[in-house]
Each structure stands twice: as structure tokens, then as C-alpha cells.
Amino acid sequence: MVPVSYYLVLSGILFTCGVIGFLIKRNIITIFMSIELMLNGVNLSFVAFAAHWQKFSGQVFVFFVMVVAAAEAAVGLAIIIAVFRTRETLNVDQVNLLKL
Amino acid sequence: MTASLHLWLIPALPLIGAAINGFFGRRFSRQTVAAVALTFCGCAFLMALYVAARFSSLVLPHSEFLAHWIRSGNFMVDFEFYLDQLTLVMLLVVTGVGFLIHIYSVGYMWEEGGFYRFFSYLNLFMFFMLMLVLAGNYLQMFIGWEGVGLASYLLIGFYFTRDSAASAGKKAFIVNRIGDFGFLIALFLMIKHFGSLNFGQVTSAVSPLPIETAGVGLLTSIGLLLMVGAAGKSAQLPLYVWLPDAMEGPTPVSALIHAATMVTAGVYMVARSHIIFDHAPNALTVVTIVGTVTALFAATIGIAQTDIKKVLAYSTISQLGYMFMACGVAAYSAGIFHLMTHAFFKGLLFLAAGSVIHAVGGEQDMRKMGGLKQYIPWTFLTMSAATFAIAGFPPLAGFFSKDEILARAYAANPAYWFIGATTAFITSFYMFRLWFMTFFGDYQGATEHGHAGSHGLGGHDGHGHGDPHESPMVMLAPLMILAVLSVVGGWVGIGGRFEHFLGPVFGERAASEGATEALSRSTEITLMAISVGAAVLGLYLAYLLYYKRRDLPQKIADALGGLYQAVVHKYYVDEIYATLFVKPLVDGSTRILWHGVDQGVIDAAINDTADGARQLSDAARHMQSGNLRSYAGWVAAGGALVIAYMIWMGVR
Numbered sequence: 001m002v003p004v005s006y007y008l009v010l011s012g013i014l015f016t017c018g019v020i021g022f023l024i025k026r027n028i029i030t031i032f033m034s035i036e037l038m039l040n041g042v043n044l045s046f047v048a049f050a051a052h053w054q055k056f057s058g059q060v061f062v063f064f065v066m067v068v069a070a071a072e073a074a075v076g077l078a079i080i081i082a083v084f085r086t087r088e089t090l091n092v093d094q095v096n097l098l099k100l
Numbered sequence: 001m002t003a004s005l006h007l008w009l010i011p012a013l014p015l016i017g018a019a020i021n022g023f024f025g026r027r028f029s030r031q032t033v034a035a036v037a038l039t040f041c042g043c044a045f046l047m048a049l050y051v052a053a054r055f056s057s058l059v060l061p062h063s064e065f066l067a068h069w070i071r072s073g074n075f076m077v078d079f080e081f082y083l084d085q086l087t088l089v090m091l092l093v094v095t096g097v098g099f100l101i102h103i104y105s106v107g108y109m110w111e112e113g114g115f116y117r118f119f120s121y122l123n124l125f126m127f128f129m130l131m132l133v134l135a136g137n138y139l140q141m142f143i144g145w146e147g148v149g150l151a152s153y154l155l156i157g158f159y160f161t162r163d164s165a166a167s168a169g170k171k172a173f174i175v176n177r178i179g180d181f182g183f184l185i186a187l188f189l190m191i192k193h194f195g196s197l198n199f200g201q202v203t204s205a206v207s208p209l210p211i212e213t214a215g216v217g218l219l220t221s222i223g224l225l226l227m228v229g230a231a232g233k234s235a236q237l238p239l240y241v242w243l244p245d246a247m248e249g250p251t252p253v254s255a256l257i258h259a260a261t262m263v264t265a266g267v268y269m270v271a272r273s274h275i276i277f278d279h280a281p282n283a284l285t286v287v288t289i290v291g292t293v294t295a296l297f298a299a300t301i302g303i304a305q306t307d308i309k310k311v312l313a314y315s316t317i318s319q320l321g322y323m324f325m326a327c328g329v330a331a332y333s334a335g336i337f338h339l340m341t342h343a344f345f346k347g348l349l350f351l352a353a354g355s356v357i358h359a360v361g362g363e364q365d366m367r368k369m370g371g372l373k374q375y376i377p378w379t380f381l382t383m384s385a386a387t388f389a390i391a392g393f394p395p396l397a398g399f400f401s402k403d404e405i406l407a408r409a410y411a412a413n414p415a416y417w418f419i420g421a422t423t424a425f426i427t428s429f430y431m432f433r434l435w436f437m438t439f440f441g442d443y444q445g446a447t448e449h450g451h452a453g454s455h456g457l458g459g460h461d462g463h464g465h466g467d468p469h470e471s472p473m474v475m476l477a478p479l480m481i482l483a484v485l486s487v488v489g490g491w492v493g494i495g496g497r498f499e500h501f502l503g504p505v506f507g508e509r510a511a512s513e514g515a516t517e518a519l520s521r522s523t524e525i526t527l528m529a530i531s532v533g534a535a536v537l538g539l540y541l542a543y544l545l546y547y548k549r550r551d552l553p554q555k556i557a558d559a560l561g562g563l564y565q566a567v568v569h570k571y572y573v574d575e576i577y578a579t580l581f582v583k584p585l586v587d588g589s590t591r592i593l594w595h596g597v598d599q600g601v602i603d604a605a606i607n608d609t610a611d612g613a614r615q616l617s618d619a620a621r622h623m624q625s626g627n628l629r630s631y632a633g634w635v636a637a638g639g640a641l642v643i644a645y646m647i648w649m650g651v652r
């Protein structure tokens, strides 16, 4: 039996990778993927705890997260396409019309 | 219940005059301003005469209620007017002398700027003074008390463009404030212990109390605090220093406020509070000592002054000392008697001095006068009457009142009498010194143009005079009336009639007015002879030094050396006060209060808070970069912080 802490460490690493990627990458799609990475890092800790405590609620949460992530991916990709069509770039630093 | 006399009209009339001249006087011609001021002041005088005429038909003390003022629980203060013999005397003196001085001022101030302002202030002063005199309770008296202080401040600083006048005004106001502080605490004590400030109620509250012979009890404290107030207003030691400086004001102001009326308010207040003092012999002793010492002290300073108004100022302080001496030996009516005669002759002295100053074109230094007798005969005559009166020559006014005081002082304690008689001699000396220096010998002033002295009175500087000239009739008439009063004013006291008149006010003490009679007839005559002798001696000495041998005073001054210097410099009292009180206060205020507390704490707190806020927001501003990913970074950092905190809490 793999101890729960291993899962948690992996989950933390995944999440941190997501955060770092989100912060340092400029391409919107990469940023988007970093967000997915964070979500899945969290999902991993959910299922790890669910297995550990023999409870289903954790697993149910993961399903919810997946559903939301799918919806988000659909909306997000649509936005990205719309942005690319108008700005002809995917660099977030150039998508700064709202900035003073 | 006697019919209402509408006493409130007496103070109200000058107030209306002050308001009219104060608000609209700028647009009036001088004639209109003078007419308004004189009409309202004159009407007040007529009212006072009417009251005097109706006086015998009144049930005394007569009190008139005007309105409620303060009603707080059991404590009530009303606007009410109180009339008894003492009030009547003060009323007649204030309105009578005040009216004469109003007339005189029309002539004296005619050339001056701010004519309407002057008369507005003068009427305002009359209002407050009459409030003070007619008040039915101590709080109302206090309104008048503060109000005359205000009017005095305004009038001393009348030539406000001149720095010395402005600071003299401030000095008078501040020194008076010290006295008022004592008065106010006395009022608080009365409220606390008697529950009322009404004269009648205070009297009935105090009457049953035992006489405090030893220690400082309630009544003694109240008495002493009242005396502090009186010392401030009436320029007694140690608070007299403002009065000589107050001579910066126009001369009619010196005559009205700083000689005849306002400065006597302290004496009036002590006499009005006689019931308290009667029950506190220790406080009375303090009053006597303060009065006696002030009388002598101020008189000696008067010897060496060269400014004609300064001599009169110190003389006023000295005479006020006499009045307090009289009050201190419980001879209140003698004090009030002297107050009245003093109002006549000292008012006259100041007005005549004003006429002299007017004649020589604003010069106030007596050394530059001399020989004025032939130039201004009327001024000379009237001033002579006043000089002989104040010196105590019979049968002039000053003789009777001063003699009365000295006799009563002798009955109380011969030491008081001795100092009083010495003072009488000195008074006679310096008054005749003034008289000889001003009117006899040769005219010392330059007769050609352009001598307008730097000592001069504001507007009188301007016209370069030729020979000294007599004042106009509008100024001379009041002089003559006052001269007559200075001569005959004392006759009302012959045979103790004045005392008998005031007797009911001072209650059972009046019965012991017989103290004078307690002195044997021969003692009385001896005392009288001595005081007349002192006056004659003073006259002779002044004649010798300032008429016959004009070189002698300088030699004597040189021989006396340090003592003479001390007297010339008024015993360095101003300098001592400056070192002891003013400088530490100014320095302390500058260093501790201004630089320390105000700038160091209050300003610093506000400025530092503002600076801190600006610096903080300056730093925080950079968070708001507009860069989306930096926001995400902050969110991540915040999240990390929260997690770190939770871990730390969990570990603990």
C-alpha cells in the first residue's frame, strides 16, 4: 500500500508546476494547460484522501471538478479562438487593452 | 411693592448709543456721532437723577426683575437690578462724571481719526459699568466686570497702529484676567455653598454664620479670592502694573476708566460684599495691608515720574490703596466717600492734564512744560482746585474723605494711620511737583514748528503749535463743573451725613461707625491737623525744590544714587515680572508648547500619519500593475502565505 503522503507530495508538485507555468508562460494555451494541471493536482489529492478514508465524497468531488473543467475548457478555447481572431496573437502581454 | 423705575433703561440707553455709533457711525458726520453719544449718555444721567429724585419714596433695597437667565435645578440666576444707597452713589458718579467726560471728549477727540469708534466704545463702557453697578447678583456683576475690562482694552488700544498702545491694551487685559480668575472662583464657591449669587440671598446665607477669626475658612477664602479680583481691576499690589501702561489710551479714557469709574469697581465690589468680609476679619486684614502698602508704594513711584499722565496714574493707584485701606478697617462708607471725591478730582486732574497736553501739542513730558499758567488760565485754575483737593487741603473734597479714612485707620491701628499720613505727605509733594513743573517757571517747550514730540498723543502730534493755547469751551466746561465738585463735593460728608446715608447698606457695622466718635475730640483734631500739616509740608517742599531752587532735585537725585534710580525705574517691578513670569512663560510656551507639543506631537502625529499613508500606498501602488499574471502571482503568494500559516498552526 502506497502511503497517502506520496500522493499528496505528487499532488503538490503537480499543482506547483501548474502555478509556475501559469505565472511564467506567455502563451494563452500554455497558461490554459497549466490551469488544467493545477486542477488535476487537486483532483489527485481528492482521490488519494477518498481512498485513504474509504469515503466516496472525495471521488464525487473529482467528478464535479472534471465536469467544470470540461465546461471551462470549452468556454476557454472558444475565448482563445476569439482572441486570436481579433488580435492575431496568443501572447497575453499583448492582450492588454484594459490596462491603462 | 414700589412702582417699577425701569432701572434696566439706565444701562440700556448707552448700549443703544454704542450700537448706533458702532454700526452706522462710519457714515455719520462728527456732529451726529457726538450728538448720538451725548444724547444716550445724557439720558442715562437724567434717568439716574430721576431715580435719585424718587429715592426717598422707595422701599430699600429696591430690586427689579427683568428676565430669567439661568435655571438649572435649584440654582437660578436672573437678570435683575438692585438699588440701594450704595448703588445710587455709584450710579450718580458713573453717569455724572461719565457724561462730563463724554462732553470733554467731543472737544478732545475732534481732530482724531476713528471718532465714531471712540464714542461707540465709550458708550459701551458706560453700559457695562452701569450693569456692574446696578447688578442684582454676582454673575450679572461679573458681566459688567468683564465688559468694562473689554471696553478698557479697546480704549487703551485705541491708537492700535502704535505698538506700545496695542501691547498696553493686551497687558491690561491679561493682568485683569488673573484677577478675574480669583473673582470667578469666589463665585463658584458661593454657588457651591450658598446655592445662589443674589446679593440678598448671599447676605442671608452668610449672616447666621459665625465670624471666622482664625485660619482660612470658607468665608475667608471667598473674601481673599474676591480681593484678588478687586486687586486686578483696581490696580492694587501685585497686579497694579497694567494701570500706568494704560495711559497709552486717549486722555479722556484715562480720566473716565482709569481714574474715576472702572478702577473703583474693585472697591465697590468689596463694599458690596461687606457681609462676607465682616465675617472674615483675616481677609479684611489682607485688604487693609494690600491697600496701605499699595498707597505708599505707588506714591513713592509717583515722585520721580516725568510723564504728566504717569504721575497721575501712580497717584490713582495710591488713592485706590486708600480706599482699600478704608474698606479693610470696615469703614466702607469712608471708602465709598473717597471713591466719590476721587472720581471728581482725579477725573478733573486727568481732564486738565489732557487740556495741558492739548495746549502744548501732544507733549507729555513735564520737563518740557512750565510757565503754562499765563497761557491756559482756566486749565490752571481748575487743575489747581483738583491739586489742592487731592493734597487734602480743607475745605476741598479730598480733605474730608481722606481725613475720614485716616481717622478710621487710626482707630483700627495707628500703624495704618502712620503709613497713610506719610502717603498723604508724598501725595501732596508729587502733586505740587507736577503743579509747579507744569504751570510755573518758564516755558521749556520749543515754540517754533515741528516740535511735535515722539511722546505725543496720536493725533495731537500733527499740528505744529505756536504758543500753548487754551482749550475750547466744550473742554473747559466739564473742567469747571468738576472743579466746583472737587471743591464742594466733600461737604456732603460733614458731620457724618454721607456715612449716615450709606449706613443702612452696611448694616450693623453702621452702628459702630461710631468708631470715629470713639476717638476723643482732641485726638480727632490732632489727626486732622497732622494730615493738613502733611499736605502743607508737601506743598512747601515742592515749592522749594521745583520753584525756588530748581537745581536742587538733580543734586538730591545724585546724592540718593541707587535709591533714586530704583524709584525712577518703578522699583524694576516690570522687569522683575518680565523675568519671573513673562519670560519663563514665553520661553516655556515656545520651547515646550510650541516646538515641543504643538510641532513635536500634534503636528508630527498628523504629518507622520500622512507620510506613512503616502509611503505605504506608494509601495502598494506597484501591486496594481495591470499585468494579469502578476496578479496571479500575488494570489499565489497569498495562498502560499495562508498555507504556511495553517501549517504552522497545525504544527503548533
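Those protein sequence lines, which keep their order, are chains Z and D. With my numbering, letter number 74 in the first sequence gets 74, and the count goes up by one each step, no holes. With my numbering, letter number 11 in the second sequence gets 11, and the count goes up by one each step, no holes. Glycine included, each C-beta is placed from N, C-alpha and C at the ideal position. These numbers were taken from a predicted model, which means no experiment stands behind them.
- Using beta-carbon distances, Z/Val47 does not count as an interface residue toward chain D, since no partner is under 8 Å.
- Bounds of any beta strand (DSSP E) do not take in Z/Ile31; it lies within the alpha helix (DSSP H) bounded by 28–53.
- Boundaries of the alpha helix (DSSP H) around D/Glu404: 397–412.
- Interface residue (Cβ-Cβ distance to chain D less than 8 Å): Z/Phe84 is not classified as such.
- Boundaries of the beta strand (DSSP E) harbouring D/Leu66: 62–72, taken from the DSSP string.
- Contact check for D/Val51 against D/Leu5 passes: the beta carbons are separated by less than 8 Å.
- The Cβ neighbour count for Z/Trp53, taken over all protein chains shown within 10 Å, is under 16; the residue is labelled exposed.
- Counting only residues of its own chain and dropping the five nearest sequence neighbours on each side, Z/Leu23 has no CB closer than 8 Å to any other CB.
- Around the beta carbon of D/Thr609, fewer than 16 other beta carbons sit within 10 angstroms, so the residue counts as exposed.
- Only those residues of the segment 626–643 of chain D whose C-beta falls short of 8 Å from the nearest C-beta of chain Z are listed: Gly626, Asn627, Leu628, Arg629, Ala632, Gly633, Ala636.
- Closest in C-alpha terms to D/Met437, from the list D/Ala620, D/Leu372, D/Met528, D/Met649, comes D/Leu372.
- Inclusion of D/Leu187 and D/Leu197 in the CB contact set at 8 Å is warranted, their separation being smaller than that value.
- Along the segment 10–23 of chain Z, the positions whose C-beta sits under 8 Å from a C-beta of chain D are Val19, Phe22, Leu23, read in chain order.
- Among the CB atoms of chain D, one or more fall inside 8 Å of the CB of Z/Val92.
- Z/Asn43 has a beta carbon lying at 8 Å or more from every beta carbon in chain D.
- Between the C-alpha atoms of D/Ser57 and D/Phe128 there is a straight-line separation of about 27 Å.
- Among the residues of chain D, those whose CB is under 9 Å from the CB of Z/Asn96 are Gly626, Asn627, Leu628, following chain order.
- Listed in chain order, the non-local C-beta contacts of D/Leu351 below 6 Å within the same chain comprise Tyr104, Ala255, Leu479, local neighbours out to five positions each way being set aside.
- Separation of the CB atoms of D/Leu320 and D/Ala235 is rounded to 6 Å, and the pair is thereby assigned contact status at 8 Å.
- Taking 8 Å as the cut-off, the beta carbon of Z/Gly41 is found no closer than this to the beta carbon of Z/Gly76.
- Looking from the CA of D/Ile317, the closest CA among D/Thr306, D/Val290, D/Tyr332 belongs to D/Val290.
- Rounded to the nearest angstrom, the gap between the Cα atoms of D/Ser63 and D/Thr87 is 11 Å.
- According to the DSSP assignment, D/Tyr138 belongs to the alpha helix (DSSP H) that extends over 138–156.
- Between D/Phe380 and the set D/Ala231, D/Thr264, D/Ser221, D/His469, the nearest pair of CA atoms involves D/His469.
- Within the same chain, and ignoring the five residues on either side of D/Phe28 in sequence, the residues whose Cβ sits closer than 7 Å to its Cβ are Tyr116.
- Going by beta carbons, Z/Phe56 and Z/Val4 fall outside the 8 Å limit.
- For D/Leu580, no alpha helix (DSSP H) segment is defined, and its DSSP state is neither H nor E.
- Sequence-distant partners of Z/Phe15 (beyond 5 residues in either direction) whose C-beta falls short of 7 Å from its own C-beta, in its chain, are Met38, Gly41, Val42.
- In summary, Z/Gln94 is exposed, with fewer than 16 beta-carbon neighbours lying within 10 Å of its beta-carbon over all protein chains present.
- Fewer than three Cβ pairs drawn from the segment 201–212 of chain D and the segment 238–253 of chain D lie within less than 8 Å of each other, which leaves the two stretches out of contact.
- Pairing D/Gln140 with D/Met131 gives a Cβ-Cβ distance under 8 Å.
- Taken through DSSP and simplified to helix, strand or coil, D/Glu575 comes out as helix.
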